[in-house]
Amino acid sequence: MREAGYIPKDALRPFLESLAKRFALWAPCKDGETITFQPYRDGSDICLDRPANAAPKGVIFPQSEALFTFALRKSPEDPRKVDVALDAQVPAGEAAIIAGRPCDAKGFLILDPVYMDADPYYKSRREKTTIITLACPHPYPGCFCTSVEGGPADTAGSDVLMTELKGGYFLEAVTDKGNAVLADKAVQDGAPHRQEAEKRHKAAYDKVKKAFSGGRGVRISEERFLSDEFWEEVTAKCLSCGACTYLCPTCYCFNITDEKAVDKGERVRSWDSCMFQHFTQETSGHNPRPKKAPRFKQRVGHKFVYYPEKYGELACSGCGRCIRYCPIGMEISKVVARLSDEGDASKKEGT
Amino acid sequence: MNGEEVKKKVAEVLSKVDVVIAYGQGFDAAHGEPCFITKKEELDSLILNPLCEHNLASYLPSQKKKKTGVVVKGCDSRTIVQLLEEGLIERENVVIIGVPCRGVASAKKLSKALGHRQVEALRFEGDLIVAKTSEGEKRISLVDVFPDKCRTCQYPTPLVYDVLVGEPIESDKDPDSVYGDVRELMGKSLEERKAYWEKEIDRCTRCYACRNACPLCVCQDSCIAETRDPHWMSQRSSLSEKMMFHFIHAIHLAGRCTECGECERACPMDIPLGKLKKKINMDMLELFGYKPGVNREDKPPLYTFKVEEERIEEHEL
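Chains as they are written, first to last, in our numbering: chain V, 1017 to 1367; chain R, 4 to 320.
The following block contains the structure:
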């Protein structure tokens, strides 16, 4: 079994086709002017030029999924007696995600401690999914992975790291699952290409802007973090939409609803967003976060304060999507820089 | 569009209001962003150039009783007129800094033209955008990255303002071109149109950026797409739910949408939502002869009731 492989560019299609036979294969495809992860099929318009608009999070943690179905059944003998039949299916098939980016792969590592032990749906998909990541040749608008312990060729969370070279792709197995991918007959020996790949990794790393220093040890000023004034200023322009959270590889909050027809239905878990007013609406009518300032504070706090306190890592992989696609340019990396001890709270530069 | 002149005007207005909503430099050289100015020291961060794509009038309904200054282009001013027509803002609470505009750059189209690269520096040379990325310097004609609304703009000068930055300009675009894109789509069969919208709307993530960016979408937190009690719409991410949401949005804007394009601009999945709203506006124009946001004295047709509408044929009873 090889630990390094190589696929010439003209052998990429056969490689994907071979993978698609073994896995439900998800690949970034052109969809109008966007790139979205779609099930690979013959003629898929694969696009490796830039990261997909949304992270491939949904492959393992779908935007909505039925946790179980329920049906009310009347007893044939006594129609007044109603019984509820429940049916739950845990997903089973083997899947693979190809050409997510290192920040996307790392996203799953951030979801793992939350869901792995508690959630059979997530666990099953996670264990049966192979992640073949494409290293980034350069940063894209808004990227800041190197500020959060990542990098354009970081292998954390990936089973295979793929690096585009001049004539093909260098593949490096990171896990046993990755070794199994490299055993594919389309894959050639990669050893002669390792040096070129490493050179590219280094060049890409140096191009990513450092938004703040300290990585997981970033020191958030408590005084600034607890200042209502700070958050009100930062969020004046925020539209309170969920674009940031839904494109994010690491946001994992959900809602549960019963989607009912007359006598049957599903209990559905769907993504929810801390940016929404309804997110914290309590049954009593009280809402602890009725305004956008405390909601955005929650988003930043969750990623850079609360999650790290609980799990020892930042809950952000620096993919930059929340900056790149924010309709009004909220810049989380700049907010963290301003919150950090190096930042100057009195200096207002917008965010 | 003159950055220095707008700073001067904003400084004047700032002494009379609680806040001025203007434009600042965004997260990189190729983006502008809304900027809330409350202090004189913040004036230096203001910009006024084709990166000022956003409709800042969107923030006005949520400013409540705050006295607010706002920088608006011609297209954005229609939003203010419509908000006034509908009584959603009070004229005396708003100081309008109007900016005649020859067109802005769509951040999405600009990013595409620059190969989705990080932009290190950007400047304007007449109608050219000169941008520097890691691939070198690229010169792009502003017209080539116009958002759709600029291609057919009828109102380059604000229709309502208290202060004007620069001289008024006339539209040189054919009024018939405004609904050209909609007519082209309507030339297709029903099946083709259905397939078109299904393909586009399937990308929706229900993030509601379109709704929250929309200046006339005033239900916001009470939107029926999200209310939990009553639970009107399922939270599934299926195509039918997404279609339902976008149709609700479009129909709620019938005869209200000023075609500012914010829904489309805000969409992170690049769904051409403006076209959906323009189609309904086109129908409203045909049925009621009404164009939203052009005359403060107008009454939006769905705010009134006539037993017999002149252009709607009654069904035989």
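The beta-carbon is built from N, C-alpha and C at its ideal position, and this holds for glycine as well.
Nothing here was measured: the structure is a model prediction, and the numbers come from that model.
Pull up the distance between the alpha-carbon of R:VAL343 and that of V:PHE1039, whole angstroms please.
Limits of chain R in this structure are 4 at one end and 320 at the other, which puts residue 343 of chain R out of reach.
Helix or strand or just coil, what does DSSP make of V:THR1261?
If you number the first sequence from 1, residue 1261 of chain V lands on position 245. Reduced to three states, the DSSP call for V:THR1261 is helix.
Per the DSSP calculation, R:LEU113 is bridged to which residue(s)?
In the second sequence, counting from the first residue as 1, residue 113 of chain R sits at position 110. Residue pairing by DSSP leaves R:LEU113 without any beta bridge partner.
Hey, is R:VAL97 close to the ligand PLP, as in C-beta under 6 Å from one of its heavy atoms?
The ligand PLP is absent from the structure shown, which contains no ligands of any kind.
List the residues of chain V whose Cβ lies closer than 8 Å to the Cβ of R:GLY106, in chain order.
The residue labelled residue 106 of chain R in the question sits at position 103 within the second sequence. Per Cβ cutoff of 8 Å: no residues; R:GLY106 is ~20 Å from chain V at best.
Taking the alpha-carbon of R:TRP323 as reference, which of R:LEU276, R:ARG239, R:THR307 and R:GLU267 has the nearest alpha-carbon?
Lying outside 4 to 320, the shown extent of chain R, residue 323 of chain R is not represented and no answer is given.
When the cut-off is 7 Å and only beta carbons count, does V:GLU1347 lie next to chain R?
To locate residue 1347 of chain V, count along the first sequence from 1; it is residue 331. Chain R, which has a Cβ nearer than 7 Å to the Cβ of V:GLU1347, makes this yes.
Applying the criterion that 16 or more other CB atoms from any shown protein chain within 10 Å of the CB defines a buried residue, is R:LYS111 buried or exposed?
For this step, residue 111 of chain R is matched to residue 108 along the second sequence. So R:LYS111 counts as buried.
What span of residues does the alpha helix (DSSP H) with V:PHE1246 cover, start to end?
Within the first sequence, the letter at position 230 stands for residue 1246 of chain V. Start and end: 1244 to 1250.
Measure the Cβ-Cβ separation of R:VAL84 and R:GLY296 and say whether it is below 7 Å.
Your numbering for residue 84 of chain R matches position 81 in the second sequence. Your numbering for residue 296 of chain R matches position 293 in the second sequence. Yes; because the gap between Cβ atoms is below 7 Å, this pair is in contact.
Rounding to the nearest angstrom, what Cα-Cα distance links V:ILE1062 and V:ILE1051 in this structure?
Position 46 of the first sequence, counted from the first residue, corresponds to residue 1062 of chain V. Position 35 of the first sequence, counted from the first residue, corresponds to residue 1051 of chain V. Their backbone Cα atoms lie some 9 Å apart in a straight line.
Can you give me the Cβ contacts of R:ARG94 inside the same chain, cut-off strictly under 8 Å, excluding the 5 residues immediately before and after it?
Numbered from 1 along the second sequence, position 91 holds the residue referred to as residue 94 of chain R. Within the same chain, R:ARG94 has close Cβ partners LEU87.
The alpha helix (DSSP H) that contains V:LEU1035, what's its start and end?
Start at 1 with the first residue of the first sequence, and residue 1035 of chain V comes out as number 19. V:LEU1035 -> alpha helix (DSSP H) spans 1028 to 1038.
Just checking my contact of V:ALA1189 with V:ASN1195 at CB under 8 Å: how many whole Å lie between their CB atoms?
Position 173 of the first sequence, counted from the first residue, corresponds to residue 1189 of chain V. Position 179 of the first sequence, counted from the first residue, corresponds to residue 1195 of chain V. So it is a contact: roughly 5 Å between Cβ atoms.
Between the segment 1090 to 1103 of chain V and the segment 145 to 159 of chain R, do three or more beta carbon pairs fall short of 8 Å?
no
Inter-stretch contact at 8 Å, needing at least 3 Cβ pairs: the segment 1026 to 1044 of chain V / the segment 1055 to 1071 of chain V:
yes
Anything in chain V within Cβ reach of R:MET272, meaning under 7 Å, just list it in chain order.
Translated into the one-based positions of the second sequence, residue 272 of chain R becomes position 269. Going along chain V in sequence order, the residues near R:MET272 (Cβ under 7 Å) are THR1050 and ASN1069.
Who does V:ASP1205 pair with in a DSSP beta bridge?
Sequence index remark: in the first sequence, residue 1205 of chain V carries index 189 (1-based). Looking at the DSSP assignment, V:ASP1205 forms a beta bridge with V:GLY1021.
Leaving out the 5 sequence neighbours to the left and right, which residues in its chain are closer than 6 Å to R:LEU113 when beta-carbon positions are compared?
Against the second sequence, residue 113 of chain R aligns to sequence position 110. If we look at R:LEU113 and ignore the five residues flanking it on each side, its Cβ neighbours are ALA33 and VAL148.
Answer with buried or exposed for V:THR1367, where buried requires no fewer than 16 other C-beta atoms within 10 angstroms of its C-beta.
Residue numbering aside, residue 1367 of chain V sits at position 351 when the first sequence is read from its first letter. Caution applies to V:THR1367, whose pLDDT of 44 falls short of 50 and renders its modelled position unreliable; the value that the coordinates give is listed next. Burial call: buried.
Is R:GLN157 close to chain V? Criterion is C-beta to C-beta, closer than 7 Å.
The count along the second sequence starts at 1 and reaches residue 157 of chain R at position 154. So no, R:GLN157 is outside the interface.
So, helix, strand or coil for V:CYS1045, using DSSP?
Here residue 1045 of chain V is taken as the residue at index 29 of the first sequence, counted from 1. Three-state result, V:CYS1045: strand.
At what residue ranges does the segment 38 to 110 of chain R contain a whole run of the beta strand (DSSP E), taking only runs of 3 or more?
71 to 76 and 97 to 102
Below 6 Å CB to CB, which residues in the same chain sit around V:HIS1154 once its five sequence neighbours on both sides are set aside?
Working through the first sequence from its first residue, we reach residue 1154 of chain V at position 138. Answer for V:HIS1154: ALA1220 and LYS1223, listed in chain order.
Give the single residue among V:ASP1120, V:LEU1263, V:GLU1143 and V:LYS1144 whose Cα lies nearest to the Cα of V:LEU1177.
As a working note, residue 1177 of chain V is residue 161 in the first sequence. The candidate whose alpha carbon is nearest that of V:LEU1177 is V:ASP1120.
Under 8 Å by Cβ, that's how I've got V:ILE1076 and V:THR1145 pegged, so tell me the actual separation to the nearest angstrom.
On the first sequence, residue 1076 of chain V is found 60 positions in, with the first residue counted as 1. On the first sequence, residue 1145 of chain V is found 129 positions in, with the first residue counted as 1. With 8 Å as the limit, V:ILE1076 and V:THR1145 qualify as a contact, their Cβ atoms being about 6 Å apart.
DSSP beta-bridge partners for V:MET1178?
Taking the first sequence and counting its residues from 1, the one referred to as residue 1178 of chain V is at position 162. When beta bridges are read from the DSSP output, V:MET1178 appears opposite V:LEU1150 and V:LEU1187.
For the alpha helix (DSSP H) holding V:ALA1213, just list the boundary residues, first then last.
Translated into the one-based positions of the first sequence, residue 1213 of chain V becomes position 197. It spans 1210 to 1223 - the alpha helix (DSSP H) in which V:ALA1213 sits, taken as one unbroken run.
Which of helix, strand or coil does DSSP assign to R:ARG142?
Taking the first residue of the second sequence as 1, we reach residue 142 of chain R at position 139. Strand.
For the alpha helix (DSSP H) that contains R:LYS197, what are its first and last residues?
Residue numbering aside, residue 197 of chain R sits at position 194 when the second sequence is read from its first letter. Here the alpha helix (DSSP H) through R:LYS197 covers 193 to 204.
If the cut is a Cβ gap below 7 Å, which residues of chain R does V:ILE1344 touch?
Position 328 of the first sequence holds residue 1344 of chain V. Neighbours of V:ILE1344 on chain R, chain order: GLU36, PRO37 and HIS57.
Please work out which residues of its chain come closer than 6 Å, Cβ to Cβ, to R:THR160, disregarding the five sequence neighbours upstream and downstream, and give them in chain order.
Taking the second sequence and counting its residues from 1, the one referred to as residue 160 of chain R is at position 157. Contacts found: GLY77, PRO103, PRO171 and ILE172.
Kindly indicate the opening and closing residues of the beta strand (DSSP E) around V:ARG1142.
Walking along the first sequence from the start, residue 1142 of chain V turns up at place 126. Unbroken run through V:ARG1142 is the alpha helix (DSSP H), 1136 to 1143; no beta strand (DSSP E).
If we call anything under 7 Å between Cβ atoms a contact, is R:LEU1 one with R:ILE24?
Because residue 1 of chain R is not part of the residues shown, which for chain R are 4 to 320, the question remains open.
For R:GLU95, return the contacting residues in chain V, with the cut-off set at a CB-CB distance below 9 Å.
Along the second sequence, one-based indexing puts residue 95 of chain R at 92. What R:GLU95 touches in chain V: nothing, since even the nearest Cβ is about 22 Å away.
Using the rule of at least 16 other Cβ atoms within 10 Å of the residue's Cβ for burial, across every protein chain shown, is V:GLN1211 buried or exposed?
Along the first sequence, read from residue 1 onward, the residue named residue 1211 of chain V stands at position 195. The Cβ neighbour count for V:GLN1211, taken over all protein chains shown within 10 Å, is under 16; the residue is labelled exposed.
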